[in-house]
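S.K.: Under my numbering, the residues of the sequence shown are numbered 1470 to 2456, in order. Yeah, the Cβ is synthetic: ideal placement off N, Cα and C, and Gly gets one too. Would you mind keeping the following structure in view while I ask a few things?
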Amino acid sequence: MLETRTALLAELAEAGIPADASPRRRAEYSYDASNYRVEPIAVAFPRTVEDVIAAVAACRSAGTPLIARGGGTSMAGNAVGPGLVLDFSRHMNRVLGIDEGSGTADVEPGVVLATLSREVEEATGNRSTFAPDPSSKNRATVGGAIANDACGNHSVRYGRTSDHVAEIDVVTSDGARLTATGTGLRATDPADPFSRDRAAELCDSLERLAREHLAALRLELGRIPRQVSGYHLENLLPEKGFNIARALVGSEGTWAVVVGARMRLVPKPASALLVCLGYEDVVEAARDIPTILEFSPAAVEGTDEAIVATMRHRRGPDSVLGLPYGRAWLFVDLDGDDPAAVREQADLLLARLAQNGRLVQGRAAADPAERASLWRVREDGAGLSSRLAGGGESWPGWEDSAVAPERLPGYLADLRTLLAEHGLTGVMYGHFGAGCMHIRITYDLRSEEGRAIFRAFTRQAAELVVQHGGSLSGEHGDGRARSELLPLMYSPEVMRAFAESRRLWDPEGILNPGSMTDPDPMDGSLALAGVPEREWRTSFDLRPARPGTDGWVNAVQGCIGVGRCRSDTGGVMCPSYRATRDEKDSTRGRARVLQHMVRGARSVEAGWRSEEVREALDLCLSCKACSTDCPAGVDMATYKSEFFDHYYQGRLRPLSHFSLGWLPRWLKLTGRLPRLVNAVMASPLGTALAAAGGLTTERALPRFAGASEWRREIADAGVRAPGGSPGPDGVVLFVDTFTRGFRPEVAGAAARVLAQAGGAVECSADACCGLTWISTGQLGTAKRLLANAAEALDDGTDRPIVVVEPSCAAALRKDLPELVHTDQAKRVAARVRSFATHVAGRVAHGWDPTPAQPVPEQAILQTHCHEYSVFGAAAQRTALRAAGVRDVVDATGCCGVAGNFGFERDHFDVSMQVAENALAPALRGTPAEAAVLTDGFSCARQVDQLDHSRPGLHLAQILDPGPAALHTHQTPMTTRDVLTKEAEELT
């Protein structure tokens, strides 16, 4: 291996192609979204077609396999391999041109499907779009869709990717540049004699192959809409026009390397309506598919109750809106040019289904929020089904079979019987209208016995789907998961035709070995096999979903590679990936390195002392968004904190872990002489001190408040200070360290709002949530502080504990019971509310805020990441609307500061890049009079950095019913103004 790697890297270096063979990088690319782990030799990120040609030549010279990769979301092991991985998603990701006249788009292979659709719609005024829309569309690439013949939710109307290719540009393993068309092959560059000759030779050979196997190809291929398994050689038949472009789709990178394509566009309907249908189970739902198809739907998707329950468990009861009664559901998309006609069709459909007698309840979801909520349940199915609310875990392996839609009920009934015979449970969802099922199954892939069951069941399932006239794969391809089973589906003659076609395209045999022909065993290279048994002691309670599994191992193996963290729209995660576009900075990339760590893999082998893991975690902002946005519930902030706690034992920590990690201690000192401290920190001496503490000198430091300021604010609000006997009613206002030390005026505003909202308000501030120690991985101190906080707040009542700062609220709600394993900690955590959540709850019970000052017409809403992940994103908008703010602009995403991250010298640049995801554009795109809502102290600091003219306001300041709101609404002063004023007064 070492000699091969050395030879390959030398070849690549000579060609000017940078390749990364570091242990960390190889760990990141050892996985896709499948059950498999195959470590590559190196990873390269081509920028041009010439780079690809040079990389192919280097692999050919070194005798090294080459694996083309897009978003890495392949679920059958199609995007992993033992050689050089080419990641096209990082640089070769552009839409080169859109021609509405010809109805095509010219693209590079790494362009994301959702990006292509969005750019087409913008360019054509929403008249056209790109149709294939798999659930992974916001991170899967065109190249990957071509490789797997991806389909998507609307395949009932629009078919597969192969139905939308006009031409495909490829590089062959012998260096030819060819363009596959609907009628043959040509040299991409007509002046290239080698490619001209290679195109002619391949055309002749492929025509001969089709003639020799004419009957078998006609009888065995292309029988059902979702027959994706094997090569699509039926497109070489005369009646198909010798369409080599369509034949190449679905070849999984084993024929040639895709470097460009012209993709066909479709008209975009003017109106669409989602009809949601509830059934007793998935078999009953499948029986109604023929009736539904009579109404020409654009999509017919389905899911079962396990996925819905998990969504609600992980993201709250309001995460699924508008779902009718039932235990299995179909989502039917009807569309057309006339909204009234579409609605009439929906009514007719519901009436017909009611006559059938199987429908429990059905309704049309006209509200856009309901529609988005329902589609997200389906789109996150792969991740949600992997870690279910009731415990346990499920895995792919037989998640992609397909039959003719009319045979789906019988197939599902037989499949459930087969699952029961093997003691397995299948979580079912998928493209019911196309007869394609995605089923996550409760395999035990960690034990030899479990892997034996996996192998036996999969083979019998393959036999079963063939009995029903179906396909092993209906969308995801065969890869390492199903290629071994293709002889069960196809005759020896067709299998020989498959092997011959591959040899014609890739005589060197270097492209994506282990799949399609001459496959590796389907139970070989399993990622969960061979993980050594070891106890990994952790501070966080990471009890495994599966008994007998180490908690740390189970936690880091929660990532199954679906890759939602690599998307650039929707949700908040992963802010560092959105800034750098590097796999190492995605939640998935970090999880894969951690998974190598627990394997004791040679490439990442030092356990808690692993430098590769520290490097992978370096740009994690600890925003916690992944704990909500990741369908599998991966909580990288917790894993980072746990790892850093072990990694720095006996090692010198970064200086920022003391300057920022110990911030509550320093605030006790600065609170005694705040004016002097502020004057010093605003001077050159302060700049030097900040640099000495590992802080960036490019970010203005906040104003330090005096120790008594927050007490005066609370007293002015008429709220009882700490101490005394608690009453049974009302709320406890917890004034956290950040509010006491930096924003004492918010404490007073919060107290007045809570008093107006009803009930007695008692203040508490005699505790610290330990957040800064948690985020820097100093968990011994964090646990001690949290235990003290639990004791101080456990007053024998059930009163809500309302916390001003969202990050502190999240720490008390989530980290407290995970780090302090007592009933007292659980009691206190259950009472904790963020300020926004509590206020929204009061609004829901009829309270109307009456701010003393006129509310702004428009407000930018920057929801703190911890608020978003632990309490949800809707509360602040609810409160603003109740107060009369008409236009709320969501700056959805991390602000970039994220506690200590944005203040650290080495992270400032990335922090500002993260701000460009949402916050900075929102500030630039709104008038100066628009308020900026920043409940989080970190978010307020970033706003101050980006726009000195307007401060970030806490929700309490906007809702403040008292006169103290005057100084924040009428004459806002930024932190810079306050520091300058104090410095002038002192001098």
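Below 8 Å, can you find three or more Cβ-Cβ pairs linking the segment 1695–1703 to the segment 1938–1946?
M.R.: At 8 Å Cβ cutoff, the stretches touch.
S.K.: Label D1520 either buried or exposed according to how many other C-beta atoms from any shown protein chain fall within 10 Å of its C-beta, with 16 as the threshold for buried.
M.R.: Reading the sequence shown from its first residue, position 51 is the one you call residue 1520. With 16 or more other Cβ atoms within 10 Å, it is buried.
S.K.: With DSSP run on the structure shown, which of helix, strand or coil describes I1510?
M.R.: Stepping through the sequence shown from its first residue, residue 1510 is reached at position 41. I1510 falls in the coil class under three-state DSSP.
S.K.: Between the Cα of G1613 and those of M1780, M1544 and D1661, spot the shortest distance and give me the residue it belongs to.
M.R.: Here residue 1613 refers to the residue found at position 144 of the sequence shown. Among M1780, M1544 and D1661, the Cα nearest to that of G1613 is on M1544.
S.K.: For A1496 versus H2065, is the C-beta spacing smaller than 8 Å?
M.R.: Position 27 of the sequence shown, counted from the first residue, corresponds to residue 1496. Position 596 of the sequence shown, counted from the first residue, corresponds to residue 2065. Yes, these two residues count as a Cβ contact at 8 Å.
S.K.: Given a threshold of 16 other Cβ atoms within 10 Å of its Cβ, counted over all protein chains shown, does V1752 qualify as buried or as exposed?
M.R.: Residue numbering aside, residue 1752 sits at position 283 when the sequence shown is read from its first letter. With 16 or more other Cβ atoms within 10 Å, it is buried.
S.K.: Residue range of the beta strand (DSSP E) that E1577 falls in?
M.R.: Counting from 1 along the sequence shown, the entry for residue 1577 is found at position 108. That residue, E1577, is in no beta strand (DSSP E); it is neither H nor E in DSSP.
S.K.: In this structure, what does DSSP give as the bridge partners for T1648?
M.R.: As a working mapping, residue 1648 is identified with position 179 in the sequence shown. According to DSSP, T1648 bridges with D1638 and R1655.
S.K.: By Cβ distance below 7 Å, which residues in the same chain neighbour T2332 in space, the five residues on each side in sequence not counted?
M.R.: By one-based count along the sequence shown, residue 2332 stands at place 863. Cβ neighbours of T2332 beyond the five flanking positions: A2342 and Q2345.
S.K.: Using the three-state DSSP reduction, which class does G1729 fall into: helix, strand or coil?
M.R.: The sequence position of residue 1729 within the sequence shown is 260, counting from 1. Three-state DSSP puts G1729 in a strand.
S.K.: Please go through the same chain and pick out, in chain order, the residues whose beta-carbon is closer than 7 Å to the beta-carbon of P2430, but skip the five residues on each side of it.
M.R.: Counting from one through the sequence shown, the residue named residue 2430 turns up at place 961. Correct list, in chain order: R2221, V2222, Q2225, T2319, P2320 and A2321.
S.K.: For H2115, name the three-state secondary structure that DSSP assigns.
M.R.: Indexing the sequence shown from 1 puts residue 2115 at position 646. Reduced to three states, the DSSP call for H2115 is helix.
S.K.: Is the segment 2027–2037 in contact with the segment 2348–2361, if contact means three or more CB pairs nearer than 8 Å?
M.R.: Short answer: they don't touch.
S.K.: Classify E2373 as buried or exposed, calling it buried when 16 or more other Cβ atoms lie within 10 Å of its own Cβ.
M.R.: Within the sequence shown, numbered from 1, the residue matching residue 2373 stands at position 904. The residue in question, E2373, is buried, as its Cβ has 16 or more Cβ neighbours within 10 Å.
S.K.: Going straight from the alpha carbon of R2068 to that of L2288, what length do you get?
M.R.: Taking the sequence shown and counting its residues from 1, one reaches residue 2068 at position 599. Taking the sequence shown and counting its residues from 1, one reaches residue 2288 at position 819. When rounded, the distance between both Cα atoms is 25 Å.
S.K.: When the Cα atoms are used, what is the spatial distance from V2041 to C2363?
M.R.: Residue mapping note: residue 2041 aligns to position 572 of the sequence shown, counting from 1. Residue mapping note: residue 2363 aligns to position 894 of the sequence shown, counting from 1. Their Cα atoms are separated by approximately 6 Å.
S.K.: Report buried or exposed for P1766, applying the criterion of at least 16 other Cβ atoms within 10 angstroms of its Cβ.
M.R.: Translated into positions along the sequence shown, residue 1766 becomes position 297. It is buried - the Cβ of P1766 has at least 16 other Cβ atoms within 10 Å.
S.K.: So what's W1974 in DSSP terms, helix, strand or just coil?
M.R.: Here residue 1974 corresponds to residue number 505 of the sequence shown, with the count starting at 1. Three-state DSSP puts W1974 in a helix.
S.K.: Tell me whether P1509 counts as near the ligand FMN, meaning its Cβ is closer than 7 Å to at least one heavy atom of that ligand.
M.R.: What this structure holds is no ligand at all, so the ligand FMN is not there to describe.
S.K.: Count the other C-beta atoms from every protein chain shown that fall within 10 angstroms of the C-beta of F2211, then say buried if there are 16 or more, exposed otherwise.
M.R.: Mapped onto the sequence shown, residue 2211 falls at position 742. By the 10 Å Cβ count, F2211 comes out buried.
S.K.: Going along the chain, which residues of its own chain have a beta-carbon closer than 8 Å to the beta-carbon of V1811, five neighbours each way excluded?
M.R.: Residue 1811 sits at position 342 when you count from the first residue of the sequence shown. Contacts found: S1740, A1741, L1742, L1803, D1804 and G1805.
S.K.: Under 8 Å, do D2284 and A2261 count as touching if we go by C-beta distance?
M.R.: Position 815 of the sequence shown, counted from the first residue, corresponds to residue 2284. Position 792 of the sequence shown, counted from the first residue, corresponds to residue 2261. No. Outside cutoff.
S.K.: Where T1473 and T1533 are concerned, what is the direct C-alpha to C-alpha distance, given to the nearest angstrom?
M.R.: Here the question's residue 1473 lines up with position 4 in the sequence shown. Here the question's residue 1533 lines up with position 64 in the sequence shown. Cα to Cα, T1473 sits roughly 7 Å from T1533.
S.K.: What three-state label does DSSP hand A1479 in the structure shown?
M.R.: The residue given as residue 1479 occupies position 10 in the sequence shown. In the structure shown, A1479 sits in a helix (DSSP, three-state: H, G or I).
S.K.: Going by DSSP, what residue range makes up the alpha helix (DSSP H) through H1907?
M.R.: Within the sequence shown, the letter at position 438 stands for residue 1907. H1907 -> not in any alpha helix (DSSP H); beta strand (DSSP E) instead, spanning C1905 to I1910.
S.K.: Please check the pair V2146 and D2205, which I expect to be a contact at CB under 8 Å, by giving their CB distance rounded to whole angstroms.
M.R.: Locating residue 2146 in the sequence shown gives position 677, counting from the first residue. Locating residue 2205 in the sequence shown gives position 736, counting from the first residue. So it is not a contact: roughly 20 Å between Cβ atoms.
S.K.: Quick one: using the 10 Å Cβ neighbour count with 16 as the cut-off for buried, is H1907 buried or exposed?
M.R.: Your numbering for residue 1907 matches position 438 in the sequence shown. H1907 should be labelled buried.
S.K.: My assumption, with CB atoms under 8 Å, is that Y1505 sits in contact with S1994. Please give the rounded CB distance.
M.R.: Position 36 of the sequence shown, counted from the first residue, corresponds to residue 1505. Position 525 of the sequence shown, counted from the first residue, corresponds to residue 1994. Right, the Cβ-Cβ distance comes to about 5 Å (below 8 Å), so this counts as a contact.
S.K.: Between G1785 and L2281, what straight-line distance do the alpha-carbon atoms span, to the nearest angstrom?
M.R.: Within the sequence shown, numbered from 1, the residue matching residue 1785 stands at position 316. Within the sequence shown, numbered from 1, the residue matching residue 2281 stands at position 812. About 18 Å.
S.K.: Write down the C-beta distance between Y2164 and S2125 rounded to the nearest angstrom, noting that I regard them as a contact closer than 8 Å.
M.R.: Counted from its first residue, the sequence shown places residue 2164 at position 695. Counted from its first residue, the sequence shown places residue 2125 at position 656. Per the sequence shown, the amino acid found at residue 2164 is Leu instead of Tyr. Between S2125 and L2164 the Cβ distance is about 6 Å, and since that is below 8 Å, they are a contact.
S.K.: On the premise that Y1880 lies in contact with D1773, defined as a C-beta separation below 8 Å, what is that separation, rounded to the nearest angstrom?
M.R.: Looking up residue 1773 in the sequence shown gives position 304. Looking up residue 1880 in the sequence shown gives position 411. Rounded, the Cβ-Cβ distance is 15 Å, inconsistent with contact.
S.K.: By how many angstroms is the C-alpha of S2244 removed from the C-alpha of A2106?
M.R.: Within the sequence shown, residue 2106 is the residue found at index 637, counting from 1. Within the sequence shown, residue 2244 is the residue found at index 775, counting from 1. Near 8 Å, if we compare the C-alpha coordinates of S2244 and A2106.
S.K.: Using CA atoms only, rank isn't needed, just tell me which of V2312, P2323 and T2208 is closest to S2276.
M.R.: Residue mapping note: residue 2276 aligns to position 807 of the sequence shown, counting from 1. Looking at the Cα atoms, T2208 is the closest of the given residues.
S.K.: Opposite Y1959 in the DSSP bridges: which residues?
M.R.: Counting from 1 along the sequence shown, the entry for residue 1959 is found at position 490. Per DSSP, none; premise fails for Y1959.
S.K.: Can you name the start and end residues of the alpha helix (DSSP H) that F2203 belongs to?
M.R.: Position 734 of the sequence shown, counted from the first residue, corresponds to residue 2203. Segment V2200 to F2203 is the beta strand (DSSP E) holding F2203; no alpha helix (DSSP H) there.
S.K.: Any idea what DSSP makes of I1486, helix, strand or coil?
M.R.: Numbered from its first residue, the sequence shown carries residue 1486 at position 17. Coil, per DSSP.
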